[in-house]
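Position one of the sequence shown corresponds to residue 10 (this note's numbering), numbered consecutively onward. Written out below as structure tokens is the structure these notes cover.
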Amino acid sequence: YNDVMKCVENLVEYIVRALNNGETQVQYSHLKSGPQVVDFKAPWIRMTMKESISVYGGVDVDLHADHELRKILETQTSLPEKMYVHASRGELIALLFDELVCDKLIAPHHITDHPLETTPLCKTLRSGDETLVERFESFCLGKELCNAYSELNDPLQQRKLLEEQMRKKALNPDSEYHPIDEEFLEALCQGM
Numbered sequence: 010y011n012d013v014m015k016c017v018e019n020l021v022e023y024i025v026r027a028l029n030n031g032e033t034q035v036q037y038s039h040l041k042s043g044p045q046v047v048d049f050k051a052p053w054i055r056m057t058m059k060e061s062i063s064v065y066g067g068v069d070v071d072l073h074a075d076h077e078l079r080k081i082l083e084t085q086t087s088l089p090e091k092m093y094v095h096a097s098r099g100e101l102i103a104l105l106f107d108e109l110v111c112d113k114l115i116a117p118h119h120i121t122d123h124p125l126e127t128t129p130l131c132k133t134l135r136s137g138d139e140t141l142v143e144r145f146e147s148f149c150l151g152k153e154l155c156n157a158y159s160e161l162n163d164p165l166q167q168r169k170l171l172e173e174q175m176r177k178k179a180l181n182p183d184s185e186y187h188p189i190d191e192e193f194l195e196a197l198c199q200g201m
């Protein structure tokens with residue numbers, strides 16, 4: 010996934026140069042934060058999701074228990090309680106990122122190391138932290154440009170993660186979790 014990050018930033022830089030007389034800097038005047046020059050030159054800023062929440066959201070999630078993260082979501086966002094009341098730690102982190110950080114990512118960023126619960130089709134970090142996955146999202150001007158990850162190809166781990174999502178869906182029927190795809194799991198078992 011590191012190679013794909015490089016590809017994304019190089020591709021966007023190439024396009025910006027092609028459209029902007031060879032320049033990588035673009036002046037934006039319509040931003041909520043006021044006029045700003047954005048430089049699309051690679052390499053882009055790389056931050057973990059937790060780092061971005063600390064830098065742009067002012068919350069160090071490692072210093073807070075889950076109930077404290079729920080309280081932060083209650084007091085600092087307009088999310089309905091049902092969105093976070095049964096959320097796991099990883100889901101709470103992802104919600105904090107969505108609510109406190111995304112629109113502040115004006116310069117090009119790659120946000121890495123997403124919580125496992127957010128992407129059940131993704132491999133965990135090779136560094137050994139099984140709570141985080143090899144996924145990144147690229148952002149610029151407060152918008153997501155792309156989303157990429159290393160695909161999980163272990164059928165037993167895949168089943169475990171999808172079954173966990175079904176347990177969560179039972180707690181929150183409005184959640185976006187999809188039913189388990191048995192044909193997909195069987196294909197993984199057969200070496201898809």
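Using N, Cα and C, we set each Cβ at its ideal position, and we do this for glycine too.
**Message:** So the candidates are H76, L170, K59; which of them puts its Cα closest to the Cα of D69?
**Reply:** In the sequence shown, residue 69 corresponds to position 60, counting from 1. Its Cα nearest to that of D69, the residue K59 stands out among H76, L170, K59.
**Message:** Less than 9 angstroms between the C-beta atoms of Q167 and L130, yes or no?
**Reply:** Here residue 167 refers to the residue found at position 158 of the sequence shown. Here residue 130 refers to the residue found at position 121 of the sequence shown. In this structure, Q167 places its C-beta atom within 9 angstroms of the C-beta atom of L130.
**Message:** Does the contact criterion of 3 or more C-beta pairs under 8 angstroms hold for the segment 147-154 versus the segment 106-118?
**Reply:** In this structure the segment 147-154 touches the segment 106-118; the number of beta carbon pairs closer than 8 angstroms is three or more.
**Asked** Sorry if obvious, but does the Cβ on K50 come closer than 8 angstroms to a heavy atom of the ligand NAD?
**Response** Ligands in the displayed structure: none, and consequently the ligand NAD is not present.
**Message:** Here's a check: name, in chain order, each residue in its chain whose Cβ is nearer than 6 angstroms to the Cβ of S204, leaving out the five neighbours to either side.
**Reply:** Since the displayed the chain opens at 10 and closes at 201, residue 204 lies outside it and no answer follows.
**Asked** Does the distance from the C-beta atom of V110 to that of S38 stay below 9 angstroms?
**Response** Working through the sequence shown from its first residue, we reach residue 110 at position 101. Working through the sequence shown from its first residue, we reach residue 38 at position 29. Not closer than 9 angstroms, so no.
**Request:** Just mark A179 as buried or exposed, buried being the case when its beta carbon has 16 or more other beta carbons within 10 Å.
**Result:** In the sequence shown, residue 179 corresponds to position 170, counting from 1. Burial check for A179: the Cβ neighbour count within 10 Å stays below 16, so the residue is exposed.
**Request:** Return the Cβ separation of A157 and V13 in integer angstroms, given the expectation that the two are a contact with Cβ distance under 8 angstroms.
**Result:** Position 148 of the sequence shown, counting from 1, holds the residue named residue 157. Position 4 of the sequence shown, counting from 1, holds the residue named residue 13. The pair is a contact, with the Cβ atoms about 5 angstroms apart (cut-off 8 angstroms).
**Pair within 9 angstroms by beta-carbon distance, L134 and D163** = For the purposes of this step, residue 134 is taken as residue 125 along the sequence shown, with counting starting at 1. For the purposes of this step, residue 163 is taken as residue 154 along the sequence shown, with counting starting at 1. With respect to D163, L134 sits apart: the two C-beta atoms are not nearer than 9 angstroms.
**A103 burial status per 10 Å Cβ neighbour count (16 or more: buried)** = Taking the sequence shown and counting its residues from 1, the one referred to as residue 103 is at position 94. In summary, A103 is buried, with 16 or more beta-carbon neighbours lying within 10 Å of its beta-carbon over all protein chains present.
**Asked** How is the beta strand (DSSP E) around H118 delimited, first residue to last?
**Response** As a first step, residue 118 is located in the sequence shown; it is residue number 109 there, counting from the start. Where H118 is concerned, the enclosing beta strand (DSSP E) stretches over 118-124.
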